[in-house]
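K.L.:
This is the structure I want to talk about, given as structure tokens.
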């Protein structure tokens, strides 16, 4: 029985330590998130931390691509257009969609945004909440997006204070 206690006591301590470390790691991941944060998106086209989880690729069967994009708090796209349009389906969180020279729209879980072709716009998380959406983007002559200038901090902050 003494040997049993000598083996069990350290094993319990190791398990407790590992459990605490695992809880710390889990704080950084949303266990209820539908999509993992797979590929960090380029800073050339995004402000803040944004990630892409590819879902459907453009191929001989699909003239579109689809991916889950996760925007951390304050993250957003640059201004951009799509030559053949885009659809956003918000799956988590809260953020904004704004067309050039128009008021921003609040977007939240369950919302669908149908973006017509060649409309200059941006989308992303709010200043206080992350946001994930599925982006379904059509191709026209192998082009799906035309990237423009970043959304300025002033533009972003104005949207967040208005809502």
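In this note's numbering, the protein residues as written are 52 to 214. C-beta atoms are modelled at their ideal positions from N, C-alpha and C, and glycine is treated no differently. Keep in mind that this is a model prediction, so the values were computed, not measured.
State the beta-bridge partners of residue 107 as determined by DSSP.
P.N.:
117
K.L.:
Starting from residue 153, follow its DSSP beta bridges and name the residues at the other end.
P.N.:
None, per the DSSP bridge assignment.
K.L.:
State yes or no: is the C-beta of residue 140 within less than 8 angstroms of the C-beta of residue 185?
P.N.:
yes
K.L.:
Can you give me the Cβ contacts of residue 194 inside the same chain, cut-off strictly under 6 angstroms, excluding the 5 residues immediately before and after it?
P.N.:
134
K.L.:
Helix, strand or coil for residue 206 per DSSP?
P.N.:
helix
K.L.:
Is the beta carbon of residue 122 less than 8 angstroms from the beta carbon of residue 155?
P.N.:
no
K.L.:
CB-CB under 6 angstroms to residue 79, same chain, minus the five flanking residues each way: which ones, in chain order?
P.N.:
The pLDDT assigned to residue 79 is 43, lower than 50, so where the model puts this residue is not dependable, and the model offers no usable value.
K.L.:
Grab the span of the beta strand (DSSP E) containing residue 175 for me, first residue to last.
P.N.:
172 to 176
K.L.:
Got a sec? Which residues, its chain only, sit under 6 angstroms from residue 126 by beta carbon, not counting five neighbours each side?
P.N.:
99, 100, 101, 175, 176
K.L.:
Residue 147: which of 178, 168, 132 sits nearest, CA to CA?
P.N.:
178
K.L.:
Can you tell me where the beta strand (DSSP E) with residue 184 in it begins and where it stops?
P.N.:
182 to 189
K.L.:
Taking the beta strand (DSSP E) that residue 169 belongs to, which residues open and close that run?
P.N.:
Unbroken run through residue 169: none, as it is neither H nor E.
K.L.:
Among 181, 168, 136, 115, which has the Cα closest to the Cα of residue 157?
P.N.:
181
K.L.:
Would you call residue 202 buried or exposed, if buried means 16 or more other Cβ atoms sit within 10 Å of its Cβ?
P.N.:
buried
K.L.:
Going by beta carbon distance, what residues of the same chain come within less than 8 angstroms of residue 161, once the five residues before and after it are set aside?
P.N.:
141
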